[in-house]
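Undergrad: Starting off with a structure, shown below.
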Amino acid sequence: QNAPQLQGLTLKQALRTRPLWLLFVLFILAYGAFMMVQYHLSPHAQDIGQSKTLAAALLSVIAGVGIAGRLLGGTSSDKLGKRAVLGFALALQAVTLALLPSATSGWSLYAFSAAWGLGYGLWTPLTASIVGETFGLKYMASILGVVGMEYGIGGTIGPSLAGYIFTSSGSYNLAFYLGAAAMGLAAVLMVFVKPVKIEAFEKRPAPAAALPESA
2 QNAPQLQGLT
12 LKQALRTRPL
22 WLLFVLFILA
32 YGAFMMVQYH
42 LSPHAQDIGQ
52 SKTLAAALLS
62 VIAGVGIAGR
72 LLGGTSSDKL
82 GKRAVLGFAL
92 ALQAVTLALL
102 PSATSGWSLY
112 AFSAAWGLGY
122 GLWTPLTASI
132 VGETFGLKYM
142 ASILGVVGME
152 YGIGGTIGPS
162 LAGYIFTSSG
172 SYNLAFYLGA
182 AAMGLAAVLM
192 VFVKPVKIEA
202 FEKRPAPAAA
212 LPESA
């Protein structure tokens, strides 16, 4: 009976804030780079001379380590803060992806996959919680629906761009460097995402009507 009432910005109010558009662009960049790797890592490994078995196993490593990353991301964000963990995860993936073109041996590709899966696992459970922390919980679902469009947008642009670059140049290296830059920019944008002051958007009570003057 004494539970606090949920507070939060409406979708219309959130659309007028800078943090929403920062998150929107941030996750387009991050998810675009992630899906670029998911679609093209195996073809890249085969292109540099690795076996089909190893190339397929790399995705299994990403998925397996990603499970541990999800658990770690959830627990660590409760202690260190959601934005700090998300920023670290994006920066980790930026550095990792920048090193991918130099990873030509089997063990180095496995090492990349493990670090990449850890980074993605860290920030996966934070998408919804970042939205709730930034805009409040009352209308979180509708706001998350808008922010969630980045999965489709980034997931279309990233793999398509990498495929075009490989077709044009015969190498994925430029695509991976661009993906690393996108991840790095996403990490920088995370620094500027701050919780919105919900109180500033709350409706103020209307002033009381003036009492009639006494005769």
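With this note's numbering applied, the sequence shown corresponds to residues 2 to 216, in that order.
Positions of the beta carbon are idealized from the N, C-alpha and C atoms, including for glycine.
As the structure is a computational prediction, the values presented were derived from the model and not from experiment.
Would you mind working out which of 190, 201, 199 sits nearest residue 84, comparing C-alpha positions?
TA: As a working mapping, residue 84 is identified with position 83 in the sequence shown. If we check each option's Cα against that of residue 84, 190 comes out closest.
Undergrad: Three or more C-beta pairs under 8 Å: does that hold for the region 24 to 32 against the region 148 to 162?
TA: Verdict: yes, contact present.
Undergrad: Tell me whether the beta-carbon of residue 98 lies closer than 7 Å to the beta-carbon of residue 180.
TA: Locating residue 98 in the sequence shown gives position 97, where the first residue counts as 1. Locating residue 180 in the sequence shown gives position 179, where the first residue counts as 1. Closer than 7 Å, so yes.
Undergrad: What does the alpha-carbon distance come out to for the pair residue 207 and residue 145?
TA: Locating residue 207 in the sequence shown gives position 206, counting from the first residue. Locating residue 145 in the sequence shown gives position 144, counting from the first residue. Interpretation of residue 207 is limited by its pLDDT of 46, a score under 50 that renders its predicted location unreliable; the figure taken from the coordinates is listed afterwards. Taking the straight line from one Cα to the other gives about 31 Å.
Undergrad: Scan the region 127 to 196 and note each continuous alpha helix (DSSP H) run of 4 residues or more that stays entirely inside, going in chain order.
TA: 127 to 136, 141 to 148, 150 to 170, 174 to 192, all fully within the region 127 to 196.
Undergrad: Tell me the rounded alpha-carbon separation between residue 148 and residue 168.
TA: As a first step, residue 148 is located in the sequence shown; it is residue number 147 there, counting from the start. As a first step, residue 168 is located in the sequence shown; it is residue number 167 there, counting from the start. The straight-line gap from Cα to Cα measures roughly 31 Å.
Undergrad: In terms of residue numbering, what span does the alpha helix (DSSP H) encompassing residue 34 cover?
TA: Position 33 of the sequence shown holds residue 34. Segment 19 to 48, the alpha helix (DSSP H) holding residue 34.
Undergrad: Ends of the alpha helix (DSSP H) at residue 103?
TA: Translated into positions along the sequence shown, residue 103 becomes position 102. No alpha helix (DSSP H) contains residue 103, which DSSP labels as neither H nor E.
Undergrad: Decide if residue 108 is buried, meaning its Cβ has at least 16 other Cβ atoms within 10 Å, or exposed.
TA: Your numbering for residue 108 matches position 107 in the sequence shown. Flag for residue 108 reads exposed.
Undergrad: Would you mind stating whether residue 71 and residue 133 have Cβ atoms separated by less than 7 Å?
TA: For the purposes of this step, residue 71 is taken as the residue at position 70 of the sequence shown. For the purposes of this step, residue 133 is taken as the residue at position 132 of the sequence shown. No. Outside cutoff.
Undergrad: From the beta carbon of residue 68, is the nearest beta carbon of chain D less than 7 Å away?
TA: The structure shown contains no chain D; it is built from a single protein chain.
Undergrad: Output needed for residue 20: all residues of its chain with C-beta closer than 7 Å, excluding positions within five of it in sequence on either side, in chain order.
TA: For this step, residue 20 is matched to residue 19 along the sequence shown. Excluding residues within five positions, the ones whose Cβ falls inside 7 Å are 135, 194, 195, 197.
Undergrad: Since residue 217 and residue 56 are thought to touch, with beta carbons under 8 Å apart, how far apart are those beta carbons, to the nearest angstrom?
TA: Here the chain covers residues 2 to 216 and nothing more, so residue 217 does not appear.
Undergrad: Using C-beta distances below 8 Å, list every residue in its chain close to residue 16, excluding the 5 sequence neighbours before and after it, in chain order.
TA: On the sequence shown, residue 16 is found 15 positions in, with the first residue counted as 1. Excluding sequence neighbours, residue 16 sits near 147.
Undergrad: Can you tell me which of the three DSSP states residue 208 falls into?
TA: For the purposes of this step, residue 208 is taken as the residue at position 207 of the sequence shown. Bear in mind that the predicted position of residue 208 carries a pLDDT of just 49, short of 50, making it unreliable; the figure below should be weighed with that in mind. If DSSP states are grouped into helix, strand and coil, residue 208 belongs with coil.
Undergrad: Which term fits residue 151, buried or exposed, when burial requires 16 or more other beta carbons within 10 angstroms of its beta carbon?
TA: Residue mapping note: residue 151 aligns to position 150 of the sequence shown, counting from 1. Classification for residue 151: buried.
Undergrad: Which residue comes first and which comes last in the alpha helix (DSSP H) that contains residue 12?
TA: In the sequence shown, counting from the first residue as 1, residue 12 sits at position 11. That run of the alpha helix (DSSP H) goes 12 to 15.
Undergrad: For residue 103, count neighbouring C-beta atoms within 10 Å of its own C-beta (all shown protein chains included) and say buried if the count is 16 or more, exposed if not.
TA: In the sequence shown, the residue the question calls residue 103 occupies position 102. By the 10 Å Cβ count, residue 103 comes out exposed.
Undergrad: Once the 5 residues before and after residue 187 are set aside, which same chain residues still bring their CB inside 6 Å of it?
TA: Looking up residue 187 in the sequence shown gives position 186. Counting only Cβ-Cβ distances below 6 Å, and skipping sequence neighbours, we find 27, 30, 31, 91.
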